[in-house]
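In our numbering, the protein residues as written are 5 to 306.
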Ligand SMILES: *Cc1c(COP(=O)(O)O)cnc(C)c1O
């Protein structure tokens, strides 16, 4: 009985029950914590599982969230739908404007400041040092587009770094998994809610994500080099009106990218002169590139 009681009441005991913790998932969490320079990490059943659990763990009815408007569509839908329904007010600001996030913080009421950099899908950046300097609310960075090798938000004073590991980290389009990393005390607190919310990572997905981490270095370096060459080529193309990639000298935040990123990422975006019709016609005729949702896998997708 003593042994059973100890297992059932210990934080994140991985020999009690799968939703509480699992040794394979734990290995993945330890690897991410090490890559991010964090005390600890916690994996979830998806990137959205990580985002929803983190928000619900830290915010209550009446609280306030400041978020950059440059966000993954699912994150934005979560902030504007369920958060509003649960009485959590959200203020969206332009995360590229210096000082905009800090100016929107309501002292004593803002619980969370959430940004995504580089943002999905237009590769806009938020200054990590500026975000890390905000005191009071918890600061969270969705770093999916950078991967843990492209930038280390915690070194800039940010509280939580978050990934959809479904993307570059697992890296083979065969896992759905999310992860957060930060100080142990904060991760333990989020686990305390998360174990009841139930969006835990499966050991199978964690295994695939661990497999992905082993080649993350060579994959992201190769993909970032390809993205750089492609964006330089697209930028010169007469049918392209704008190319968005932080590694381009023409990117409006290229200096910031150089300061806070060690790799500029594996995704680029571009605008076509002919608008929607031109996009449809390109997608109809494209041959080597797959038309599919996701990113960070071995195939080139559009
Ligand atoms: C895909 C994605 C998510 C959501 O991750 P899932 O694993 O699909 O739930 C969150 N943030 C960013 C930046 C993403 O690209």
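Just so you know, even glycine gets a beta-carbon here, dropped at the ideal spot from N, CA and C.
Since we're looking at a predicted model, the values are computed, not measured.
Can you tell me which of the three DSSP states residue i falls into?
| i | result |
| --- | --- |
| residue 38 | helix |
| residue 47 | strand |
| residue 306 | coil |
| residue 176 | coil |
| residue 146 | strand |
| residue 199 | helix |
| residue 128 | coil |
| residue 160 | helix |
| residue 243 | coil |
| residue 121 | coil |
| residue 214 | helix |
| residue 60 | helix |
Pull up the CB-CB distance for residue i and residue j, whole angstroms please, since I reckon it's below 8 Å.
| i | j | result |
| --- | --- | --- |
| residue 149 | residue 269 | 5 Å |
| residue 164 | residue 184 | 5 Å |
| residue 166 | residue 248 | Not quite, the Cβ-Cβ distance comes to about 22 Å (not below 8 Å), so this is no contact. |
| residue 274 | residue 246 | 7 Å |
| residue 45 | residue 36 | 4 Å |
Would the C-beta of residue i count as close to ligand 1, meaning under 7 Å from any of its heavy atoms?
| i | result |
| --- | --- |
| residue 198 | no |
| residue 57 | no |
| residue 124 | yes |
| residue 28 | no |
| residue 33 | no |
| residue 50 | yes |
| residue 311 | Since the first residue shown for the chain is 5 and the last is 306, residue 311 is missing from the structure and cannot be characterised. |
| residue 99 | no |
| residue 149 | yes |
| residue 128 | no |
| residue 146 | yes |
| residue 168 | yes |
| residue 171 | yes |
| residue 175 | no |
| residue 78 | yes |
Can you tell which of the options has the C-alpha that lies nearest to the C-alpha of residue i?
| i | options | result |
| --- | --- | --- |
| residue 190 | 211, 200, 144 | 144 |
| residue 293 | 304, 107, 173 | 304 |
| residue 108 | 85, 135, 129 | 135 |
| residue 76 | 142, 55, 21 | 55 |
| residue 298 | 221, 213, 125, 57 | 125 |
| residue 156 | 71, 41, 116 | 41 |
| residue 104 | 122, 71, 111 | 71 |
| residue 31 | 5, 208, 236 | 208 |
| residue 38 | 119, 187, 73 | 187 |
(request) Would you check if the stretch 216 to 229 and the stretch 144 to 164 touch, i.e. whether three or more CB-CB distances between them fall below 8 Å? (result) yes
(request) State whether the stretch 189 to 209 contacts the stretch 75 to 85, with contact taken as three or more CB pairs (one from each stretch) at a distance under 8 Å. (result) no
(request) Spell out a yes or no on whether the stretch 261 to 277 and the stretch 227 to 237 are touching, meaning 3 or more CB-CB pairs, one atom from each, closer than 8 Å. (result) yes
(message) So, does the stretch 42 to 62 touch the stretch 197 to 217, judging by three or more C-beta pairs under 8 Å?
(response) yes
(message) Three Cβ pairs or more, each shorter than 8 Å: is that satisfied between the stretch 56 to 67 and the stretch 82 to 96?
(response) yes
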